[in-house]
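*Asks:* First the structure, then my questions, so here it is.
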Amino acid sequence: MPTYDILPATNTTIPTKSIKPTKTSFTDLPPEIISRILENVIIAEANGSPNNYYSTMHAFARKLTTCSAFYDVGIPILYRHAAFADSYTFDRFLKSIDVTGYGAFTKTLDFSGFTSVGLGRTARMNDKIELLTCRTIARALDLCPNLKEFLASENIEKDLDVNVLLKLFYQMKHMRSLDFCGATDRLFIEALNKVVSTENFASSAITSLSLHGCSTISPHIIESLLARLPKLKKLDLTHTQVTTLSTVPDSVRLTHLSLSKCVRLSSNEYLKFFLIHKKAVKNLQWLNLLFDVTRPAPISSNDLSLILHYLPKTLVYLNLYGLPVQHLDDVSNMKSLRALSLGYVNVPVEELQSKILNSLPALEYLDLSGNPNVNMWTIHEVLEAKSTVQVFEFSAEFLRKMSSIPGFDIVLTQGKRAWLRRNAATVRKSLELVSPSQSPTRTKRFTFSDYAKTRMSRSVSPSSPRLPAAQPVDPIGTHEWSHAARKISVCSYGIGGITNDPNSCSERGIYLYYGYRK
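Under numbering that gives the first Met the number 0, think of the first position of the sequence shown as 0, with each following residue one higher.
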């Protein structure tokens with residue numbers, strides 16, 4: 000018969016030996032935890048800025064030599080995302096992986112911030128520096144067999160020859176993401192034409208392609224290239240000469256698509272793509288159709304209405320800036336929308352309230368810049384609506400006329416963009432003010448209607464003093480808005496391939512001019 004230990008009575012004391020706490024150090028932690036801590040430190044130090052990233056990783060590399068535990072864990076982090084600001088950093092990286100074999104850790108080669116300014120003087124001072132050329136890039140690719148992502152820019156466009164492009168598109172078995180943003184040089188165009196014309200280039204495993212701003216690539220090259228990318232998921236054709244999307248393979252399942260400023264893409268081609276390639280866009284989460292408001296819109300209002308009707312209701316980001324939107328019925332059914340741009344879309348405020356602000360439960364960002372119906376007398380109707388929107392975008396010219404808005408921070412940039420960011424801390428304080436004539440337990444709600452009346456009375460009074468202009472402020476204290484006035488990547492946390500959100504790095508290579516990145 001089995002025996003069991005009997006618990007002692009509550010008033011019985013059990014003699015125990017005093018336990019001395021053991022001393023543990025940071026290096027005694029498991030390598031996985033040390034790695035996670037170091038990654039979070041890099042994120043905090045870089046703060047989302049490419050300029051900070053270079054100095055942060057330089058300091059990080061120096062710290063690795065202080066401890067063997069740091070070194071073992073930190074080397075894969077250091078080499079995972081290799082970003083180059085100049086030929087110095089590229090030369091050091093190339094020589095390092097040639098000797099150590101650490102190129103096997105590299106997943107991303109990032110030349111998006113590369114510059115050759117002052118390169119001639121540097122080369123004369125030190126002849127041992129290997130300049131960035133098509134030969135050295137090809138050598139780096141050979142030494143990084145597990146590479147998944149290649150981020151180029153206009154600064155290295157002359158060094159992307161046929162050999163390099165064939166390696167990127169066809170020969171590197173792990174390559175998935177290519178970004179040629181801004182490359183317009185003749186040598187690059189000729190090399191790309193040879194690549195898509197070669198018989199060996201039957202198809203490619205690339206899932207993400209950005210030709211953002213590659214405005215000199217001929218339509219024939221783009222169409223031939225798209226026909227050879229059957230696994231494509233993310234495509235940015237912003238400001239290219241593409242004339243048709245009919246060559247997109249039926250196997251494509253796009254999640255991100257930018258057709259912004261495609262001036263040669265007709266309204267009929269837009270309509271044919273979204274109606275005929277339904278399977279290609281059924282998983283779409285991110286769509287950018289922004290167009291320059293100084294030119295006639297490429298999509299007719301009727302075709303746009305049909306496109307909006309057949310778009311998947313699972314869209315998270317939608318940019319309709321500068322397009323002839325007639326009504327918002329189909330947009331109001333997209334309950335997953337978190338970011339929506341209606342810049343220069345002539346929509347009445349009442350329709351904005353009923354079909355956008357009160358109908359989209361997940362909406363966090365709304366662009367209303369250039370809307371003729373939103374002014375200093377009607378803005379309170381937008382801001383008072385019961386919505387989840389945290390950030391409204393308006394033109395800087397409009398918001399500079401506002402001194403302050405209760406519950407919101409006015410955020411100005413050096414360009415034409417500006418935002419109203421909801422200030423949760425001040426909403427409780429500024430919207431519900433205690434009335435002096437009432438008891439302290441009763442409150443009076445200060446509404447935007449009252450604020451608009453105050454603004455109107457001041458604006459029509461000739462003797463009223465000029466109100467101080469709103470000053471630029473740091474809206475969130477982080478990097479999310481630091482480069483908002485210029486080209487920015489959708490990925491905000493993915494500096495160095497390290498992120499708190501595992502999915503955010505996968506969105507690099509898709510760029511925005513109007514849109515909120517979170």
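Beta carbons: idealized from backbone N, C-alpha and C, even for Gly.
Please name the residue or residues paired with Y316 in a DSSP beta bridge.
*Replies:* Indexing the sequence shown from 1 puts residue 316 at position 317. Beta-bridge pairing by DSSP links Y316 to W285 and A338.
*Asks:* With a cut-off of 8 Å on the beta carbons, I'd call D90 and I128 a contact; round off their distance for me.
*Replies:* Here residue 90 is taken as the residue at index 91 of the sequence shown, counted from 1. Here residue 128 is taken as the residue at index 129 of the sequence shown, counted from 1. The pair is a contact, with the Cβ atoms about 5 Å apart (cut-off 8 Å).
*Asks:* Reducing DSSP to helix, strand and coil, say where M56 ends up.
*Replies:* On the sequence shown, residue 56 is found 57 positions in, with the first residue counted as 1. Here M56 sits in helix by DSSP.
*Asks:* Just the C-alpha distance for G263 and L63, rounded to the nearest angstrom, thanks.
*Replies:* By one-based count along the sequence shown, residue 263 stands at place 264. By one-based count along the sequence shown, residue 63 stands at place 64. Inspection of the sequence shows that residue 263 is occupied by Arg rather than by Gly. Those two C-alpha atoms are separated by around 52 Å.
*Asks:* Considering just the uninterrupted stretch of the alpha helix (DSSP H) at F290, what are its terminal residues?
*Replies:* To locate residue 290, count along the sequence shown from 1; it is residue 291. Where F290 is concerned, there is no enclosing alpha helix (DSSP H), given that its DSSP letter is neither H nor E.
*Asks:* Report the three-state DSSP secondary structure of L142 (helix, strand or coil).
*Replies:* Residue numbering aside, residue 142 sits at position 143 when the sequence shown is read from its first letter. It is helical.
*Asks:* Do L398 and D366 have their beta-carbon atoms positioned less than 8 Å apart in this structure?
*Replies:* Taking the first residue of the sequence shown as position 1, residue 366 is located at position 367. Taking the first residue of the sequence shown as position 1, residue 398 is located at position 399. No, they are not a contact pair.
*Asks:* At a cut of 8 Å, does the region 304-313 reach the region 324-332 through at least three beta carbon pairs?
*Replies:* yes
*Asks:* State the Cα-Cα distance for the pair S203 and S209, rounded to the nearest angstrom.
*Replies:* Position 204 of the sequence shown, counting from 1, holds the residue named residue 203. Position 210 of the sequence shown, counting from 1, holds the residue named residue 209. Cα to Cα, S203 sits roughly 15 Å from S209.
*Asks:* Is the beta carbon of L317 less than 8 Å from the beta carbon of M333?
*Replies:* Residue mapping note: residue 317 aligns to position 318 of the sequence shown, counting from 1. Residue mapping note: residue 333 aligns to position 334 of the sequence shown, counting from 1. Result yes, Cβ atoms of L317 and M333 sit closer than 8 Å.
*Asks:* Considering Cα atoms alone, identify which of L288, P248, M375 and T243 is closest to S206.
*Replies:* In the sequence shown, residue 206 corresponds to position 207, counting from 1. Rather than Ser, the amino acid found at residue 206 in this sequence is Thr. Cα-wise, what sits closest to T206 is P248.
*Asks:* Count Cβ pairs between the region 220-231 and the region 239-247 that sit closer than 8 Å; are there 3 or more?
*Replies:* yes
*Asks:* The alpha helix (DSSP H) spanning L327 covers which residue range?
*Replies:* What you label residue 327 is simply residue 328 of the sequence shown in a count that begins at 1. Boundaries for L327: no alpha helix (DSSP H) harbours it, and the DSSP string shows neither H nor E there.
*Asks:* Please list the terminal residues of the continuous alpha helix (DSSP H) segment that includes Y70.
*Replies:* Translated into the one-based positions of the sequence shown, residue 70 becomes position 71. Where Y70 is concerned, the enclosing alpha helix (DSSP H) stretches over S67 to R79.
*Asks:* Can you grab the Cα-Cα spacing for the pair V346 / K157, in whole Å?
*Replies:* The sequence position of residue 346 within the sequence shown is 347, counting from 1. The sequence position of residue 157 within the sequence shown is 158, counting from 1. Taking the straight line from one Cα to the other gives about 46 Å.
*Asks:* With distances taken from CA atoms, which of G181, L159 and V410 is nearest L236?
*Replies:* Numbered from 1 along the sequence shown, position 237 holds the residue referred to as residue 236. Of the listed residues, the one whose Cα sits closest to L236 is G181.
*Asks:* Using the beta-carbon count (16 or more within 10 Å), is Y364 buried or exposed?
*Replies:* Your numbering for residue 364 matches position 365 in the sequence shown. So Y364 counts as buried.
*Asks:* From which residue to which residue does the beta strand (DSSP E) around Y364 run?
*Replies:* Residue 364 sits at position 365 when you count from the first residue of the sequence shown. For Y364, the enclosing beta strand (DSSP E) has its first and last residue at Y364 to D366.
*Asks:* Could you give the first and the last residue of the continuous alpha helix (DSSP H) run that contains S250?
*Replies:* Counting from 1 along the sequence shown, the entry for residue 250 is found at position 251. Premise fails: S250 is in no alpha helix (DSSP H) and is neither H nor E.
*Asks:* Give a yes or no on whether the C-beta atoms belonging to I76 and Y101 are separated by under 8 Å.
*Replies:* Within the sequence shown, the letter at position 77 stands for residue 76. Within the sequence shown, the letter at position 102 stands for residue 101. In this structure, Y101 does not lie closer than 8 Å to I76 by Cβ.
*Asks:* Do the CB positions of L191 and L231 come within less than 8 Å of each other?
*Replies:* Residue 191 sits at position 192 when you count from the first residue of the sequence shown. Residue 231 sits at position 232 when you count from the first residue of the sequence shown. With a cutoff of 8 Å on beta-carbon distance, L191 and L231 are scored as not near each other.
*Asks:* Could I get the ranges of all uninterrupted alpha helix (DSSP H) runs contained in the region 160-207, with 4 residues as the minimum, in chain order?
*Replies:* 161-165 and 185-196
*Asks:* From L131, L351, V373 and V241, pick the residue whose C-alpha is nearest to that of E268; which is it?
*Replies:* Within the sequence shown, residue 268 is the residue found at index 269, counting from 1. Selected option, being the one with the closest Cα: V241.
*Asks:* Enumerate in chain order the residues of its own chain whose CB-to-CB distance from E392 is below 6 Å, with the five nearest sequence positions on each side excluded.
*Replies:* Position 393 of the sequence shown, counting from 1, holds the residue named residue 392. Its chain contains D366, S368 and W418 as the residues whose beta carbon lies nearer than 6 Å to that of E392, once the 5 sequence neighbours on both sides are disregarded; these appear in chain order.
*Asks:* Closest by CA to F83, which one among G212, Q170, W376 and L131?
*Replies:* For the purposes of this step, residue 83 is identified with residue 84 of the sequence shown, where counting begins at 1. When each option's Cα is compared against that of F83, the closest is L131.
*Asks:* Hey, quick one: how far does the alpha helix (DSSP H) through L216 stretch, first residue to last?
*Replies:* As a first step, residue 216 is located in the sequence shown; it is residue number 217 there, counting from the start. First, the amino acid is wrong: residue 216 is Ile here, not Leu. No alpha helix (DSSP H) holds I216; DSSP gives it neither H nor E.
*Asks:* If contacts are defined as beta-carbon pairs under 8 Å, then R138 and L167 qualify, I think. What distance do you get, rounded to the angstrom?
*Replies:* As a first step, residue 138 is located in the sequence shown; it is residue number 139 there, counting from the start. As a first step, residue 167 is located in the sequence shown; it is residue number 168 there, counting from the start. At roughly 14 Å, the Cβ-Cβ gap does not stay under 8 Å, so R138 and L167 are not in contact.
*Asks:* Might you give, ordered along the chain, the residues of its own chain that have their beta carbon closer than 8 Å to the beta carbon of V195, omitting 5 neighbours on each side?
*Replies:* Reading the sequence shown from its first residue, position 196 is the one you call residue 195. Answer for V195: I220, S223, L224 and R227, listed in chain order.
*Asks:* Return yes when the C-beta of V324 is under 7 Å from any heavy atom of the ligand MN, and no when it is not.
*Replies:* No copy of the ligand MN appears in this structure; indeed no ligand is present at all.
*Asks:* Using the C-alpha atoms, what's the distance from F290 back to I306?
*Replies:* Numbered from 1 along the sequence shown, position 307 holds the residue referred to as residue 306. Numbered from 1 along the sequence shown, position 291 holds the residue referred to as residue 290. Rounded to whole angstroms, I306 and F290 show a C-alpha spacing of 16 Å.
*Asks:* Between which residues of its own chain and N422 is the CB-CB distance below 7 Å, once the five residues before and five after are set aside?
*Replies:* Sequence index remark: in the sequence shown, residue 422 carries index 423 (1-based). Excluding sequence neighbours, N422 sits near G406, F407 and D408.
*Asks:* Let me confirm a value: S54 is counted as buried when at least 16 other C-beta atoms fall within 10 Å, else exposed. Which label applies?
*Replies:* In the sequence shown, residue 54 corresponds to position 55, counting from 1. Looking at its Cβ environment, which holds fewer than 16 other Cβ atoms inside 10 Å, S54 is exposed.
*Asks:* Once DSSP output is grouped into helix, strand and coil, what is the label at K415?
*Replies:* Counting from 1 along the sequence shown, the entry for residue 415 is found at position 416. Shown here, K415 sits in coil according to DSSP, grouped into three states, outside any helix or strand.
*Asks:* For V98, write down the residues that DSSP places opposite it in a beta bridge.
*Replies:* For the purposes of this step, residue 98 is taken as the residue at position 99 of the sequence shown. None; V98 has no bridge partner.
*Asks:* Look at the Cβ atom of L142, then the Cβ atom of D97, and state whether they are nearer than 8 Å.
*Replies:* In the sequence shown, the residue the question calls residue 142 occupies position 143. In the sequence shown, the residue the question calls residue 97 occupies position 98. Closer than 8 Å, so yes.
*Asks:* What does the Cβ neighbour count give for G496, buried or exposed, with the cut at 16 atoms within 10 Å?
*Replies:* Translated into the one-based positions of the sequence shown, residue 496 becomes position 497. In this predicted model, G496 has a pLDDT of only 31, less than 50, meaning its place in the structure is not dependable; the value taken from the coordinates is given anyway. Flag for G496 reads buried.
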